[in-house]
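Chemist:
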Amino acid sequence: MTENIKPLIKRCLLLQERIEELEITIRDITCNDIISHDEFLKKYSLNSKTFAKYRKAGLKAYQPVRNGKIFVSLKEFEKFLKKK
Numbered sequence: 004m005t006e007n008i009k010p011l012i013k014r015c016l017l018l019q020e021r022i023e024e025l026e027i028t029i030r031d032i033t034c035n036d037i038i039s040h041d042e043f044l045k046k047y048s049l050n051s052k053t054f055a056k057y058r059k060a061g062l063k064a065y066q067p068v069r070n071g072k073i074f075v076s077l078k079e080f081e082k083f084l085k086k087k
């Protein structure tokens with residue numbers, strides 16, 4: 004009986020971690036000025052390679068769903084530019 008419960012407990016813990024990550028992402032999105040990856044590229048006249056380099060250099064981008072849309076906080080971008 005306990006063998007059947009262990010996988011369920013593990014799954015619940017993983018789901019709880021994922022929920023916490025999503026709650027943080029939602030809080031960040033609602034608290035900041037967030038735009039999509041495409042809007043970001045258009046707004047700053049950048050290409051995808053430059054964006055990838057920025058991310059590698061420390062620019063925070065949000066992707067709430069795996070293989071989903073990427074979002075960028077304009078405040079995070081400002082912080083990133085000030086660090087450079």
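Add 3 to a position in the sequence shown, counting from 1, and you land on the number used in the working numbering.
Virtual Cβ for every residue (Gly too), placed ideally from N, Cα, C.
According to DSSP, is Ile22 part of a helix, a strand, or is it coil?
Modeler: Counted from its first residue, the sequence shown places residue 22 at position 19. The answer is helix: DSSP assigns Ile22 an H, G or I state.
Chemist: Taking only runs of the alpha helix (DSSP H) that begin and end inside the stretch 35-80, which ones reach a length of at least 4 residues, in chain order?
Modeler: Whole alpha helix (DSSP H) segments, 4+ residues: 40-46, 51-59.
Chemist: Is the stretch 58-65 touching the stretch 74-85 in the sense that three or more CB pairs, one from each, lie closer than 8 angstroms?
Modeler: Yes: the two stretches touch, three or more of their Cβ pairs being nearer than 8 angstroms.
Chemist: What's the C-alpha gap between Thr5 and Ile22?
Modeler: Your numbering for residue 5 matches position 2 in the sequence shown. Your numbering for residue 22 matches position 19 in the sequence shown. Cα to Cα, Thr5 sits roughly 25 angstroms from Ile22.
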